[in-house]
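A.B. asks:
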Amino acid sequence: NAGVTQTPKFQVLKTGQSMTLQCAQDMNHEYMSWYRQDPGMGLRLIHYSVGAGITDQGEVPNGYNVSRSTTEDFPLRLLSAAPSQTSVYFCASSYSPSTRANTEAFFGQGTRLTVV
Amino acid sequence: AQSVSQHNHHVILSEAASLELGCNYSYGGTVNLFWYVQYPGQHLQLLLKYFSGDPLVKGIKGFEAEFIKSKFSFNLRKPSVQWSDTAEYFCAVIPFNDYKLSFGAGTTVTVRA
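Residue numbers (this note's numbering), protein chains in the order written: chain L, 23 to 138; chain G, 20 to 132.
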């Protein structure tokens with residue numbers, strides 16, 4: 023059971039470039055989310071999805087797009103990278119809280135992104 | 020929107036000392052509460068969680084936390100820390116029947132041998 027898999031682990035981009043961070047989970051979780059982690063700020067929610075075809079914005083969505091075409095995959099797209107997007111990105115998945123199932127979030131290994 | 024406050028930014032301890040990390044949240048309704056740990060260079064792992072029932076919850080590696088509803092607090096404790104407890108600790112809250120998990124800013128714990 024792989025859990026939550028993120029790729030790549032490290033990435034360097036030039037300002038203005040675009041890229042996609044991949045996230046896949048094999049636990050049949052309904053809820054998936056993307057966070058960015060910056061020193062002294064904890065984890066901030068970028069976008070989330072409560073099921074295939076349903077996405078919504080989190081706390082810091084600007085500059086990022088997401089889609090959820092399958093239950094398993096939730097890619098995060100940086101449209102035009104900026105130095106302010108230098109961060110560590112984590113994908114997470116969990117069951118839907120509304121079903122009273124376990125709401126523990128499982129995290130991927132993270133992607134360390136540097137924008138120069 | 021709910022917020023989560025962690026009182027200490029950086030805590031430095033000697034081995035065998037006791038640890039207590041504070042966490043307060045601002046949401047007034049029913050919540051689920053979590054403590055996550057992030058060891059250097061690794062992803063977040065669940066230490067413990069509170070959904071309902073006994074407000075004193077025990078987690079992995081000797082950690083425990085107490086939910087005090089009247090104080091909106093969920094403080095993490097460990098009676099005797101080890102060098103391997105050096106990590107960053109995050110408190111997180113999700114309102115019942117919501118989807119969004121909110122994190123505190125984190126507390127870096129350094130345990131000196």
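Glycine is no exception: its CB is placed at the ideal position from the N, C-alpha and C atoms.
Leu101(L) lies in the beta strand (DSSP E); which residues open and close that run?
C.D. replies: Where Leu101(L) is concerned, there is no enclosing beta strand (DSSP E), given that its DSSP letter is neither H nor E.
A.B. asks: Between Ser33(G) and Arg131(G), which are expected to be in contact by the criterion C-beta below 8 Å, what is the C-beta distance as a whole number of angstroms?
C.D. replies: 5 Å
A.B. asks: Which of helix, strand or coil does DSSP assign to Ser89(G)?
C.D. replies: Residue state for Ser89(G) is assigned as helix, using DSSP reduced to three classes.
A.B. asks: Could you pull out every residue in the same chain whose Cβ sits closer than 6 Å to the Cβ of Glu107(G), ignoring the five residues on either side in sequence?
C.D. replies: Hits under 6 Å: Gln57, Gly125 and Thr127.
A.B. asks: Of the residues Val112(G), Ala36(G) and Phe82(G), which one's Cα is nearest the Cα of Phe70(G)?
C.D. replies: Nearest option by C-alpha distance: Val112(G).
A.B. asks: Does the Cβ of Phe32(L) have 16 or more other Cβ atoms within 10 Å, making it buried, or fewer, making it exposed?
C.D. replies: exposed
A.B. asks: What in chain G is Cβ-close to Gln131(L), meaning under 7 Å?
C.D. replies: His62
A.B. asks: So if I threshold CB-CB distances at 7 Å, which residues from the stretch 72-94 of chain G count as touching chain L?
C.D. replies: none
A.B. asks: Within 8 Å, do at least three Cβ pairs link the stretch 43-60 of chain G to the stretch 83-97 of chain G?
C.D. replies: yes
A.B. asks: I believe Gly48(G) touches Phe115(G) by the beta-carbon criterion, under 8 Å. Please report the beta-carbon distance rounded to the nearest angstrom.
C.D. replies: Between Phe115(G) and Gly48(G) the Cβ distance is about 7 Å, and since that is below 8 Å, they are a contact.
A.B. asks: List the residues of chain G whose Cβ lies closer than 8 Å to the Cβ of Phe112(L), in chain order.
C.D. replies: Correct list: His62 and Leu63.
A.B. asks: Only counting the same chain, and skipping five residues up and downstream in sequence, which positions put a Cβ closer than 6 Å to that of Gly80(L)?
C.D. replies: Short of 6 Å from the beta carbon of Gly80(L), and not among the five residues preceding or following it, lie these beta carbons of its own chain, in chain order: Leu67, Ile68, His69 and Tyr70.
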